[in-house]
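Reading through the structure tokens given below for one structure.
In our numbering, the protein residues as written are 40 to 82.
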């Protein structure tokens, strides 16, 4: 988990916003990450 926090700290703000939006969308969807990606065609 610490490496994720370090990566977020070094990310540009636009990327952080996008990361948080996608994370929130995945959480709200009740799907696993891989199911969310398949369902939304992000792969």
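Beta carbons: idealized from backbone N, C-alpha and C, even for Gly.
Cα-Cα separation, residue i to residue j
{"i": "residue 60", "j": "residue 74", "result": "17 Å"}
{"i": "residue 48", "j": "residue 67", "result": "24 Å"}
{"i": "residue 45", "j": "residue 55", "result": "12 Å"}
{"i": "residue 62", "j": "residue 51", "result": "16 Å"}
Close Cβ partners of residue i (< 8 Å) along its chain, the five nearest in sequence each way excluded
{"i": "residue 72", "result": "65"}
{"i": "residue 58", "result": "47, 50"}
Beta-carbon proximity list for residue i, same chain, < 6 Å, skipping 5 on both sides
{"i": "residue 5", "result": "No answer is possible for residue 5: it lies beyond the span of the chain, which begins at 40 and ends at 82."}
8 Å Cβ cutoff, residue i in contact with chain D
{"i": "residue 48", "result": "Absent here is chain D; the protein component of the structure consists of one chain."}
Any non-hydrogen atom of the ligand ADP closer than 7 Å to residue i Cβ
{"i": "residue 68", "result": "Annotation note on the ligand ADP: not contained in the displayed structure, which lists no ligands."}
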